[in-house]
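Residue numbers (our numbering): 1 to 146.
Even glycine gets a Cβ: it sits at the ideal position worked out from N, Cα and C.
The model shown is predicted, which means the values in this text are computed figures rather than measured ones.
Below you'll find the structure, written out as structure tokens, and then a few comments.
Structure, rendered in structure tokens:
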């Protein structure tokens, strides 16, 4: 017959294992999204506007903020945000420089970094404040380049 102490340690171990598995799965999900952001290719023969990956990031960030609102794992969430934003910056720049793009690179950068700036401003995520400012600089310099 198990004692109360044995049951408690069993559930503690089960909870710990579940949390480790959950974190690994979220890490895989974030890695998958980061890869899709970096390697995004728009359809050929179309003018490039605001890329769907920008809206995907905004949607993902909103849901993550709700899920992790009062979590002790905020540092993990901040790392995930930074990884996704880095991938998004690379993806936007890759699309802008794509030889298949019918839009000038400056226009692609302006539209997408402006939308990203607006999204980051609306989300108000402290760890992304520097990235928000960087997005603003890029879209302003893209206006000047165009």
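Between residue 115 and the set 79, 50, 10 and 34, the nearest pair of CA atoms involves 50. Between residue 104 and residue 146, the C-beta gap is smaller than 9 Å, which places the two residues in contact. The C-beta distance from residue 92 to residue 112 rounds to 5 Å, short enough to fall under 8 Å.
Residue environment analysis places residue 42 among the buried positions, since at least 16 neighbouring C-beta atoms fall within 10 angstroms of its C-beta.
Around the beta-carbon of residue 128, 16 or more other beta-carbon atoms lie within 10 Å, marking it buried. Residue state for residue 19 is assigned as helix, using DSSP reduced to three classes.
Fully enclosed alpha helix (DSSP H) runs of no fewer than 4 residues occupy 52-67 of the region 25-70, in order along the chain. The residues 105, 108 and 109, in chain order, have a CB closer than 6 Å to that of residue 96 in the same chain once the five nearest residues on each side in sequence are set aside.
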